[in-house]
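Which chain is which? The protein sequence lines are B and D, in order.
Going by the working numbering, the letters in the first sequence line up with residues 283 to 1024, in that order.
Going by the working numbering, the letters in the second sequence line up with residues 283 to 1024, in that order.
A virtual CB, placed ideally from N, CA and C, is assigned to each residue, including glycine.
Data block below; observations after.
Number of protein chains: 2
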Amino acid sequence: MEQEEAVAQPDVESQLTYRIERPVYDEDFIRTKLLHQKEHSTTLRQRLAQKLRCSPGKAKAAALRFLPILTWLPAYPVREYLFSDVVSGLSTGVVQLPQGLAYAMLAAVPPVYGLYSSFYPVMLYTFFGTSRHISIGTFAVISLMIGGVAVREAPDSMFYVASANGTNASAAAAAVLDVAARDARRVQVAVVLTTLVGIIQFVLGILRFGFVAIYLTEPLVRGFTTAAAVHVVVSQLKYLLGVKTQRFSGPLSVIYSVKAVLSDITSTNVSTLILGLICIVFLYAVKDMNERFKKKLPIPIPGEIIVVIVSTGISFGMSLSSGYRVDVVGTIPTGLLPPALPEFSLLPSLITDSFAVAIVGFSMGISLSKIFALKHGYSVDGNQELIALGLCNFVSSFFQTFAITCSMSRSLVQESTGGKTQIAGLLSSLVVLLVVVAIGFVFEPLPQTALASIIMVNLVGMFKQFRDIPALWRTSKIELAIWLVAFVASVLLGLDYGLLVAVTFALLTVIYRTQSPKSAVMGHVPGTALYCDVDEFEEAAEYEGIKIFHSNSSIYFANSDLYVKALMEKTGVDPERLQAARKAQKKRRDKANGAGQNPPHKMCVKFNKEGVTHEVLADVAAEDEQRNGRLEERLEEALVSEPPGAVHSVVLDWTSVCFVDSVGAKAVKQVIREHAAVDVQVVIAGCNRSVLSELDTLQFFTKDVTPAMLFPTVHDAVLSCQHSRRAAQASTSEAASCTDDT
Amino acid sequence: MEQEEAVAQPDVESQLTYRIERPVYDEDFIRTKLLHQKEHSTTLRQRLAQKLRCSPGKAKAAALRFLPILTWLPAYPVREYLFSDVVSGLSTGVVQLPQGLAYAMLAAVPPVYGLYSSFYPVMLYTFFGTSRHISIGTFAVISLMIGGVAVREAPDSMFYVASANGTNASAAAAAVLDVAARDARRVQVAVVLTTLVGIIQFVLGILRFGFVAIYLTEPLVRGFTTAAAVHVVVSQLKYLLGVKTQRFSGPLSVIYSVKAVLSDITSTNVSTLILGLICIVFLYAVKDMNERFKKKLPIPIPGEIIVVIVSTGISFGMSLSSGYRVDVVGTIPTGLLPPALPEFSLLPSLITDSFAVAIVGFSMGISLSKIFALKHGYSVDGNQELIALGLCNFVSSFFQTFAITCSMSRSLVQESTGGKTQIAGLLSSLVVLLVVVAIGFVFEPLPQTALASIIMVNLVGMFKQFRDIPALWRTSKIELAIWLVAFVASVLLGLDYGLLVAVTFALLTVIYRTQSPKSAVMGHVPGTALYCDVDEFEEAAEYEGIKIFHSNSSIYFANSDLYVKALMEKTGVDPERLQAARKAQKKRRDKANGAGQNPPHKMCVKFNKEGVTHEVLADVAAEDEQRNGRLEERLEEALVSEPPGAVHSVVLDWTSVCFVDSVGAKAVKQVIREHAAVDVQVVIAGCNRSVLSELDTLQFFTKDVTPAMLFPTVHDAVLSCQHSRRAAQASTSEAASCTDDT
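Shown next, in the form of structure tokens:
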């Protein structure tokens, strides 16, 4: 420690100085003299045992982690928190209600199931959730994904029944859609999908797989949700216009839907359209006011519930349904359904979809909870969130709900109205319960177009994500590509395949980055031991005969060829060509010498041309030694094949190398050998110790590739190359002088 | 330059010394004072124009590159090379012949098509190929892949015809396999597949996409070819045993095939089996002798042609076909077929398969040519090889051939018998031509079991690849996983899907590597400016209050969360928890103080406990200042929430970071901010300049994250942290003394 203090602690008052004076190290020295590995007394078995050991403390902590309510409820400060929680809970409940009704339409199930989904899981989350501010419940993107699956599994075409009791003769031929049977089937699909989503989320949570959400990088999620918004708007167009078209699912469903609506646009119900547009304008105005007067309003204006109540009133008062043929919500049964087993026979065809829903749902939830946790200074547990969501979905699905996660807009309401804990969420679910068991029937005359307008206005925020495109263009082309691929694939192929394509593409960009690294020849910034790109910086100066090659990536199978190619291009040393030229030359010489039986021996010759010292190592038949005239000629030949400005050392700067695989190691070994064959020394610098141990297991070091070729820093390598070069020159000039003597 | 010379050129005689003395730099200083960017006068447009410019020289070079024969033939040294080329060509031709017949069986087409495939493409390669030593022609793996497709597209079940003229009443019900129609169809499939393979290879070559082969990393190719060997052996079992079973294709075909053969094993033809086993033993012995007496034998013993000739003779002499019901090759039409257009209507269903065949074929070819090129000191052009293979396949397919590449065993014969140029390949094709047009019918009595034994013995080398497993276990578990996945997937799913799965898996391992980097807390090796893992090396010593965190990977969306997590684990600083504890504490205090209307003001207190100096920054309400007793209590509280051994600076060692994306940059920014909020300084060290410019475009630097937080080396960062710490302590002790005064 004393030694280091002297070096690392210059006087505080004076200018801070970086001062190092030490011998030049190579890896050989470091291994044998400088560093000593610590002995680790704990074996793998011991560490494993320690990890798996069970204690009462651990068990209690695990229980508390599983049921977070046990931690926070006993310490709940009633006087302080309760009032805010009640206000926030009621406000959120008032938003849950219309959103539940509206998103049920997206999920292709009758509205009352949206209310169930806004009650059971919301209540359950109170017990298992770790986030205090997010509002669990129906969410547009998830609902739409469920709707897509429900429509695919129970398409309209399955439920046409011949209308047997038609009085008209022609009607007997026409088939009638059995809406009740279709909806019952779609509910079954949605419910069993939700069960599966719950199981997947729960299992992933137990297995501590919360990290899967990281594959959904931000540009991907934003492109994906923008695409979801496009899907939602397209799916709501028909409700807004009052046009009756089929609902499509699967690839290109957006195009089919738009086409169907456009081809039926003449049958637009004007009353429906006007009512919808009024609702949209009103909701947008309220949203804008809430935003603008955020600070002045005690609670946000509940625009959605106003729209629901007023439009229900108008619809009832003016008999819009019967008088103007405006589509209304229709039957809302009062009370809850008894628990029932989901229809598990439907499971097999839903597995892929449920993975998509489970992961999208979780990633929406976790990203929002992290934002709030950060803002309010507590932490959320990703894996517990996954377990909580899984339990909410799984248990609730027995009560006929569809999959939920948290919704951005509702969570903002809950937080901004002063919600402090999960109690607010619980209260909001009770508001929904009240409606379901007591006054649900009141909403029966509610026009569907009002719900469509609620959905659409809620999506305005998502469409704002189009602004990402110019921003990403400026910051990162690769991330822009991810955004666009996620968007285009999700719009065209549907949300499930779109997500798969987007994730695959995002992962391939990582491969691409390693394959197109920035490589450069580095030069020394005088007096600093820092090296940087000679093409880019004026101060970087190359040393004569030494090329320092830096490539900004690891070296492994997918880029080792490219690495070697870039190396040869940048340094200008192509050993294969040099070697070939030498062989050709040797053959020509052998031919000239007839049979050329005499064994060639090596001779070093120094040579001066255009102020640069070239050195040529020529294989010369022994008999030739006397004929000095022909020797000159041969040297001339050798010079033609050698590149000018003779590089004698190549330093591979490996500071950026994170890992090397066997293909990469072989490629580098090959490079070292090939260069050695044409008398160019290749050394490696700045290799970190975990790559070094990888090289050891890959048996990289052999007789001709030794640890003495590795240096801890580029500067060490350069100093050593200069030194060995000077030593070689000294002995060469001796050899040359002895040649001259003959 | 002078300045640097002084530093970098110590006296050659003395011990080599690394000596640096300079101010501590941060990125701010580097940008403004140390480095200046060079101005690049060439714009993108200019560079593009330069690249696309056309000149007569360039055109000539392109022409020569496209037709390499124009380069080497005019310079062909007839006297020297011709004799060796003739010997080698004849020897190779003698191997081409039986292999052509045998591999046609694998490709599920009649034997004569194997001969066509051993003639046309081999001849064409002479003109377009750049490798002088590889022997183009039929190859087991490719033939098997073609066979799989042919069987899938034209299964036996398609060609059962009711035997109308059956005299037996029960035979009228039984269907008879129309072998001629089936084989004709299979030839069509194989031919059009070959056309497509040729087009794909040619287009990839023109587009300079030769690099696609790099995705086939060595362990993958070895696992894959071992699996192919398993497929081949299984497919040949029935010929060896003389059992008549159906040929299967697609996933699990290996299992079905084995099952079919085993269930029919009682019908084994003993004569066939004995003949086959004798051939196998003989061929294996010859192979062994060739290996053992490599140096003494002038040319390798042509075991295969001996087997073909002798077994044909025996079969003819003993009438094995009619007398012992041994299956023989059957009709071999004499002469060549006129060119015909492939059946393009079959194309759509073959696209995936042809990509697989094209890429596998090319990667086999290029890897072998590279080995020979290296050995004999010339170079091959990957893209030209791709073009050559593409043309060979495409043009030949009009003459009814199936896809080819080079075969390892045959190439070794060609090279070891002294082949010097592509002339040897040309001659070998002429040998085949001679047989086709003159004496093809001679081989009609050749037993199929002899061909099966030739195929099997040729595969012995591939089965030796099982030895990779223990070797890879020792060197690299990840590469072992790639080998095993490639093998198992290719055996079970078939070669096409197997290859796809294997490539996907190999690419995912790269992602995995970036997600499971080795992270460590680094310590200084005294006096060296080198830093290494404190857990691993005895010499590495940490500085008090400074944690240096190194992670061996880039920071991007798929690992930024893991990076942050590892950082907090390793350094032991969890700002979120610290912050939460502080907030909770503040609230408790506010509560204790009643309404707590007085604005809190900051106060610094220094504190000594257990020999370690803790510093606590406590927010204290102004009115509290007088009550010293309660102050002590509060400090006690604060100490509980602060971790012991107070870390004041965290250095992120970014020497291994190759790229950063927006998610990574945001995560790091967040880390810096969170730590700053709890008074821990986070700085970044050793970031390379291309990552720096990425950070710039990602708008990483803002008011609170400045370039002054970046240092060129870890040592610079450590020195600077120590300095700023000492400065802070000096001002703190002043503040503390003023606090004590009150």
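Beta-carbon of residue i versus every beta-carbon of chain B: anything under 8 Å?
i	result
P305 of chain D	yes
N970 of chain D	yes
P925 of chain D	With a pLDDT of 47 at P925 of chain D, under the threshold of 50, the predicted position of this residue should be treated as unreliable, though the coordinate-derived value follows. No, its Cβ sits nowhere closer than 8 Å to a Cβ of chain B.
P857 of chain D	no
E807 of chain D	In the sequence as displayed, the identity of residue 807 of chain D is Val instead of Glu. Closer than 8 Å to some Cβ of chain B, the Cβ of V807 of chain D qualifies, so yes.
L489 of chain D	no
F644 of chain D	no
G505 of chain D	no
D817 of chain D	yes
L921 of chain D	For L921 of chain D, the pLDDT reaches just 46, beneath the cut-off of 50, and the residue's location in the model is therefore unreliable, although a value from the coordinates is still provided. No, because no Cβ of chain B sits closer than 8 Å to the Cβ of L921 of chain D.
Which of the three DSSP states is assigned to residue i in this structure?
i	result
R682 of chain B	Before going on, a small fix: residue 682 of chain B reads as Gln here, not Arg. The answer is coil: DSSP assigns Q682 of chain B none of H, G, I, E or B.
Y395 of chain B	helix
G805 of chain D	strand
P305 of chain B	strand
I596 of chain B	helix
Y442 of chain B	strand
F421 of chain B	coil
V932 of chain D	strand
I653 of chain B	helix
H1006 of chain B	Reading off the sequence shown, one finds Ser at residue 1006 of chain B, where the question assumed His. S1006 of chain B: helix per DSSP, three-state reduction.
K829 of chain B	strand
D943 of chain B	coil
L459 of chain D	strand
C561 of chain D	helix
S527 of chain B	It should be pointed out that residue 527 of chain B corresponds to Thr in this sequence rather than to Ser. Here T527 of chain B sits in coil by DSSP.
At the 8 Å Cβ level, is residue i part of the contact set with chain D, yes or no?
i	result
Q981 of chain B	yes
E309 of chain B	no
P994 of chain B	yes
Q861 of chain B	yes
L316 of chain B	yes
L671 of chain B	no
Say yes only if the C-beta of residue i is nearer than 7 Å to one or more non-hydrogen atoms of the ligand MN, and no if none qualify.
i	result
I424 of chain D	This structure simply doesn't include the ligand MN, nor any ligand for that matter.
Inter-stretch contact (C-beta, 8 Å, three-pair minimum) for the region 728-746 of chain B and the region 592-602 of chain B: At 8 Å Cβ cutoff, the stretches touch.
Kindly confirm or deny that the region 696-716 of chain D and the region 743-759 of chain D touch, where touching means at least three C-beta pairs closer than 8 Å. No, the region 696-716 of chain D is not in contact with the region 743-759 of chain D.
Looking at chain B, which residues of the region 832-847 of chain D have a Cβ within less than 8 Å of any of its Cβ atoms? Listed by position, the residues of the region 832-847 of chain D near chain B (Cβ gap below 8 Å) are H832, N834, S835, S836, Y838, F839, A840, N841, S842, D843 and L844.
I want to know whether the region 645-661 of chain D touches the region 378-388 of chain D - three or more CB-CB distances under 8 Å. no
Could you tell me whether the region 406-419 of chain B touches the region 717-727 of chain B, where touching means 3 or more Cβ pairs closer than 8 Å? no
Three or more C-beta pairs under 8 Å: does that hold for the region 535-553 of chain D against the region 561-575 of chain D? no
Against chain D, which members of the region 930-961 of chain B pass a CB distance test of less than 7 Å? Cβ contacts with chain D: T937, S938, C940, F941, D943, S944 and V945.
Pairs of beta-carbons, one from the region 801-821 of chain B and one from the region 950-969 of chain D, closer than 8 Å: are there three or more? Three or more Cβ pairs closer than 8 Å define a contact, and the region 801-821 of chain B falls short of that threshold against the region 950-969 of chain D.
Does the count of Cβ pairs from the region 432-439 of chain D and the region 526-534 of chain D closer than 8 Å reach three? Judged by Cβ distances under 8 Å, the region 432-439 of chain D makes contact with the region 526-534 of chain D, as three or more pairs qualify.
Does the count of Cβ pairs from the region 559-567 of chain B and the region 583-593 of chain B closer than 8 Å reach three? yes
Scan the region 597-646 of chain D and note each continuous alpha helix (DSSP H) run of 4 residues or more that stays entirely inside, going in chain order. 602-605
Does the region 791-810 of chain D touch the region 508-519 of chain D, meaning 3 or more C-beta pairs lie closer than 8 Å? No, the region 508-519 of chain D does not touch the region 791-810 of chain D.
Touch check for the region 395-413 of chain D and the region 345-357 of chain D: three-plus C-beta pairs under 8 Å? yes
So within the region 687-745 of chain B, which uninterrupted alpha helix (DSSP H) runs reach at least 4 residues, ignoring any that extend past its ends? Correct list: 690-698, 704-716, 730-740 and 742-745.
Touch test, the region 490-509 of chain B against the region 839-851 of chain D, Cβ-Cβ under 8 Å, three pairs minimum: yes
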